[in-house]
Amino acid sequence: MPPTNGNNVNRRPSALHLLAGLGAASLAAAADTPLLPPFPSAADIRAGEATAPAEAAPDGLRLPVRFDGPHDRLYWDIPLPARIPKTATALQLILSCSDASPLRGLSLHLQSGSGWYNAEPAFTPGERQRLDLPRGRFRPEGNPGPWENSRTLRVSAWKQAAGTTLLTLHAFSARTDAVALVRATDTTAPGEAAFAAALSDRCARLLAKASIPFALIDDTLDALDPYTLLFLPYAPTLPARQLDRLTRFLDRNGRLIVFYNASPQLAAHLGLRPGTWQGAEPAQAWSALACAPSLLPGAPARVPHVTTSIIPPFALPGTRARTVATWADDTGRVTDLPACLLTPRGAWFAHIPPLAYPSAAALLNALARDLCPELGLPPLPPSPAPAPLPDAPSAAELRAAWNPLPTARHPRGWDGLLDQLAARRINTLFVHWQSAATPLHTRRGSRPSSDTLDEALAAAARHTIALHAWATCWTLEGADPALVTRLTREGRLMRDAAGNTLPWLCPSLPENRALLIDGLRALARRGVAGIHLDYVRYPETAGCYAPATRKAFEAARGASVAAWPADVLPGGPLAAPFAEFRRAAMTAFIREVRAALCAAAPKVRLSAAVFPTPAAAAERGQAWPDWLREGLIDFACPMTYTENPADFRAWLDQCLAAAPAEKLVPGLGTGADECQLDAATAAAQIADIRRHRLAGFAFFAVDDELTGSLLPRLFP
104 MPPTNGNNVN RRPSALHLLA GLGAASLAAA ADTPLLPPFP SAADIRAGEA TAPAEAAPDG
164 LRLPVRFDGP HDRLYWDIPL PARIPKTATA LQLILSCSDA SPLRGLSLHL QSGSGWYNAE
224 PAFTPGERQR LDLPRGRFRP EGNPGPWENS RTLRVSAWKQ AAGTTLLTLH AFSARTDAVA
284 LVRATDTTAP GEAAFAAALS DRCARLLAKA SIPFALIDDT LDALDPYTLL FLPYAPTLPA
344 RQLDRLTRFL DRNGRLIVFY NASPQLAAHL GLRPGTWQGA EPAQAWSALA CAPSLLPGAP
404 ARVPHVTTSI IPPFALPGTR ARTVATWADD TGRVTDLPAC LLTPRGAWFA HIPPLAYPSA
464 AALLNALARD LCPELGLPPL PPSPAPAPLP DAPSAAELRA AWNPLPTARH PRGWDGLLDQ
524 LAARRINTLF VHWQSAATPL HTRRGSRPSS DTLDEALAAA ARHTIALHAW ATCWTLEGAD
584 PALVTRLTRE GRLMRDAAGN TLPWLCPSLP ENRALLIDGL RALARRGVAG IHLDYVRYPE
644 TAGCYAPATR KAFEAARGAS VAAWPADVLP GGPLAAPFAE FRRAAMTAFI REVRAALCAA
704 APKVRLSAAV FPTPAAAAER GQAWPDWLRE GLIDFACPMT YTENPADFRA WLDQCLAAAP
764 AEKLVPGLGT GADECQLDAA TAAAQIADIR RHRLAGFAFF AVDDELTGSL LPRLFP
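Sequential numbering from 104 applies to the sequence shown in our numbering.
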């Protein structure tokens, strides 16, 4: 769990698929062409190897899933009696799933000519879930013919665990959308295509939750006639050709919703001008969009969005622009700095799309309805009420939250924040107070310095909340720039396989371990209840291949490595011993931390944020089940960040198979990059945790959504 900042996305791997389960979403913004039913006869549907045949049913086509052998996939090839219209921009399925626990996922293939198009929707169990698949999500395999000439639909179920379930395909249709999401490439985001793609995925999740059907198009912008509303999540460089096409789109009464853009030409066509770029110190980041529901019916009060970088928009004279959101500062106070302006021709945001919180979805839905009433989009229904929670398994249940910044971000400081949390039964708070040995509890920048740690400890004592100092270990994100410069100059950073420096400390150097431990020791002596370690791992297989790592590995195995790093890379002859060396190195560091804390502050608890599946954690050198067995840490926080109930339960099962329940405090992704739970889904996950009698749970992360909406609904 790195510090949350709107400038950064996808710091952890995640499947950036579109959301499913949006059966209540309006299709008024799209034209629908049925493809199935009518369904072909069951005899005409080809079942794959070890796959039970499809069965006709009054409500659709039943696809029995029986994972009772070695096969990893079951599939059915269903002939399509009708052609997909050339104008189609998306496909959608109405699907029921009785139990998703045996399933790792679904994939859909369309056969056209001698090749296929593939897409992988996310889905949840339940009745009549709608799966939306924009045409731009399909990827060619082999040498397929035109997408619209596809004559076969293949539905594949992928194995998570042995078991049976039933999929029922109720309907399959093609859609022609009036709303499009523009996915930037190097044309409009030169050198930033990966970042732009990640923001496109983020915006897609947001639109899906906002119940806005949409097409996915590229930034050539050469076929805009079908569309009424375009979303530009990130297009910082607009060539003349693209600007001309967007201008013509606006001139024929199209509307735009634009994020984080500095183009004066485009802004002028909306009646706006972009201001100058503004930056903030990391500890003084803007924290939320404070909305104006009186100016935009249906808008929420606040949308969490932390950033240190904005381009505020301003109205041109004589335009009918409305400031529908302003920024809240790092204390949570509302400023007069514009965050979103709305004109008759579009909306303009000062930063990138927010995460797909329920509040952010409500804001996008309200904007789309205001700009394009002809689309007939209904307002979002109230979010489902959470089911009553089962009783806590014990009075000692740990109910925690991560606070990503070292300050309270509340107008009344630590007293205000802790009062909010205590009123909603939170008894533990992890506060980000160290980053790669840089102490963060002393504010830096233009404001007078003050040590917020003592203030926080005093407030915590008044509210009976245990404060744990959260420290990000090997990554240098958030570290003092002067320290980073010095460490780089001294050759103390990780290297990738090509010899490039990575922004991570090399764990094989004793001076790096001492640097981190000195900071942790100092925090423990200040009186915190615990030390919470994050990024206590390697960055996947990217590192570390620095000279110090080679020297330590050769010393550990008692022999030199002939071809470094080729021999230790995945697939190399020494890959397995090197993976074990990385796990041993990280475990040795944890052992050093534990010894230092026992000497400095014996009562301080030690915990770690870890990858939820032991196998994925071990690939990064994170053998956390061993840390628990040896008593090196008091509890682990598996980062079970998912909105998928089947994935969440599967991760819990894997954690419980590896460690005692009383040592596990799963993290819930209420505001993580990967997922943004609503109250109903969070309640279901807490219920699963309590049924398994785990030690507790932790919310990631403290923000306006958690304190203002989610916690009051969970713990009224």
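Glycine residues also receive a C-beta, built at the ideal position from the N, C-alpha and C atoms.
Are the CB atoms of residue i and residue j nearer to each other than 9 Å?
{"i": "alanine 383", "j": "threonine 410", "result": "yes"}
{"i": "proline 493", "j": "arginine 794", "result": "yes"}
{"i": "threonine 268", "j": "alanine 203", "result": "yes"}
{"i": "threonine 271", "j": "leucine 198", "result": "yes"}
{"i": "arginine 405", "j": "aspartate 807", "result": "yes"}
{"i": "arginine 686", "j": "aspartate 637", "result": "no"}
{"i": "proline 316", "j": "valine 285", "result": "no"}
{"i": "tryptophan 451", "j": "proline 403", "result": "no"}
{"i": "tyrosine 209", "j": "leucine 183", "result": "At residue 209 the sequence reads leucine, which differs from the tyrosine that was named. Not closer than 9 Å, so no."}
{"i": "glycine 218", "j": "proline 188", "result": "no"}
{"i": "glycine 724", "j": "tyrosine 641", "result": "yes"}
{"i": "alanine 338", "j": "threonine 279", "result": "no"}
{"i": "threonine 434", "j": "glycine 516", "result": "yes"}
{"i": "arginine 472", "j": "threonine 446", "result": "no"}
{"i": "leucine 817", "j": "alanine 798", "result": "no"}
{"i": "proline 367", "j": "arginine 376", "result": "yes"}
{"i": "leucine 586", "j": "methionine 597", "result": "no"}
{"i": "phenylalanine 170", "j": "proline 205", "result": "yes"}
{"i": "alanine 822", "j": "leucine 501", "result": "For the chain, the structure presents residues 104 to 819; residue 822 sits outside this window and is missing."}
{"i": "leucine 470", "j": "isoleucine 320", "result": "no"}
{"i": "alanine 712", "j": "methionine 742", "result": "yes"}
{"i": "arginine 165", "j": "glutamate 158", "result": "yes"}
{"i": "proline 329", "j": "threonine 190", "result": "yes"}
{"i": "cysteine 647", "j": "threonine 716", "result": "no"}
{"i": "alanine 193", "j": "proline 237", "result": "yes"}
{"i": "valine 639", "j": "phenylalanine 684", "result": "no"}
{"i": "leucine 373", "j": "arginine 348", "result": "no"}
{"i": "phenylalanine 656", "j": "phenylalanine 681", "result": "yes"}
{"i": "valine 168", "j": "leucine 211", "result": "no"}
Assuming residue i and residue j form a contact by the criterion Cβ under 8 Å, report the distance between their Cβ atoms to the nearest whole angstrom.
{"i": "leucine 612", "j": "alanine 651", "result": "5 Å"}
{"i": "valine 707", "j": "alanine 782", "result": "Their Cβ separation, rounded to whole angstroms, is 33 Å, which puts valine 707 and alanine 782 out of contact at 8 Å."}
{"i": "proline 336", "j": "serine 303", "result": "5 Å"}
Applying the criterion that 16 or more other CB atoms from any shown protein chain within 10 Å of the CB defines a buried residue, is residue i buried or exposed?
{"i": "histidine 174", "result": "exposed"}
{"i": "alanine 504", "result": "buried"}
{"i": "threonine 331", "result": "buried"}
{"i": "glycine 770", "result": "buried"}
{"i": "proline 441", "result": "buried"}
{"i": "phenylalanine 800", "result": "buried"}
{"i": "aspartate 322", "result": "buried"}
{"i": "tryptophan 380", "result": "exposed"}
{"i": "glycine 126", "result": "No answer about glycine 126 holds up, because its pLDDT of 36 lies below 50 and its placement is not dependable."}
{"i": "proline 457", "result": "buried"}
{"i": "tryptophan 461", "result": "Tryptophan is not the amino acid found at residue 461; the sequence shown has proline there. Looking at its Cβ environment, which holds 16 or more other Cβ atoms inside 10 Å, proline 461 is buried."}
{"i": "alanine 195", "result": "Sequence inspection shows glutamine at residue 195; the alanine mentioned does not correspond to that position. The residue in question, glutamine 195, is buried, as its Cβ has 16 or more Cβ neighbours within 10 Å."}
{"i": "alanine 128", "result": "Low per-residue confidence applies at alanine 128: pLDDT is 40, beneath 50, and the placement is therefore not dependable enough to give any value."}
{"i": "cysteine 394", "result": "buried"}
{"i": "valine 805", "result": "buried"}
{"i": "lysine 654", "result": "exposed"}
{"i": "asparagine 364", "result": "buried"}
{"i": "glycine 548", "result": "With a pLDDT of only 46 at glycine 548, under the threshold of 50, the placement of this residue in the model should not be trusted, and no figure is reported."}
{"i": "aspartate 354", "result": "exposed"}
{"i": "leucine 419", "result": "exposed"}
Is residue i a contact residue of the ligand FMN, with contact defined as CB to any heavy atom under 8 Å?
{"i": "valine 671", "result": "What this structure holds is no ligand at all, so the ligand FMN is not there to describe."}
Just list the residues that DSSP pairs residue i with in beta bridges.
{"i": "tyrosine 178", "result": "Ser259"}
{"i": "cysteine 475", "result": "None; cysteine 475 has no bridge partner."}
{"i": "alanine 820", "result": "No answer is possible for residue 820: the residues shown for the chain start at 104 and end at 819."}
{"i": "isoleucine 360", "result": "Phe334, Ala450"}
{"i": "serine 710", "result": "His635, Phe738"}
{"i": "proline 243", "result": "Tyr220"}
{"i": "glutamine 195", "result": "Asp235, Ser276"}
{"i": "leucine 213", "result": "Tyr220, Leu256"}
{"i": "glycine 208", "result": "Trp261"}
{"i": "tryptophan 430", "result": "Leu392"}
message: Suppose only complete runs of 3+ residues qualify. What are the beta strand (DSSP E) ranges in the stretch 518 to 569, listed by chain order?
response: Along the stretch 518 to 569, the beta strand (DSSP E) occurs as fully enclosed runs of 3 or more residues at 531 to 538, listed in sequence order.
task: Pick out the complete alpha helix (DSSP H) segments inside the stretch 647 to 708, 4 residues or longer, and give them in chain order.
output: The qualifying runs are 650 to 660, 678 to 703.
- prompt: Where in the stretch 265 to 330 do unbroken runs of the beta strand (DSSP E), each at least 3 residues long, occur, reported from the N-terminal end onward?
  reply: Runs of the beta strand (DSSP E) inside the stretch 265 to 330: 266 to 280, 282 to 286, 318 to 321.
message: Which runs of the beta strand (DSSP E) at least 3 residues long sit entirely within the stretch 555 to 639? Give them in chain order.
response: If we require 3 residues or more, the beta strand (DSSP E) runs fully inside the stretch 555 to 639 come out as 569 to 575, 596 to 598, 604 to 608, 633 to 637.
task: Starting from the N-terminal side, write out each stretch of the alpha helix (DSSP H) that is 4 residues or longer and does not extend beyond the stretch 724 to 800.
output: DSSP runs (the alpha helix (DSSP H)) wholly in the stretch 724 to 800: 727 to 732, 748 to 761, 782 to 794.
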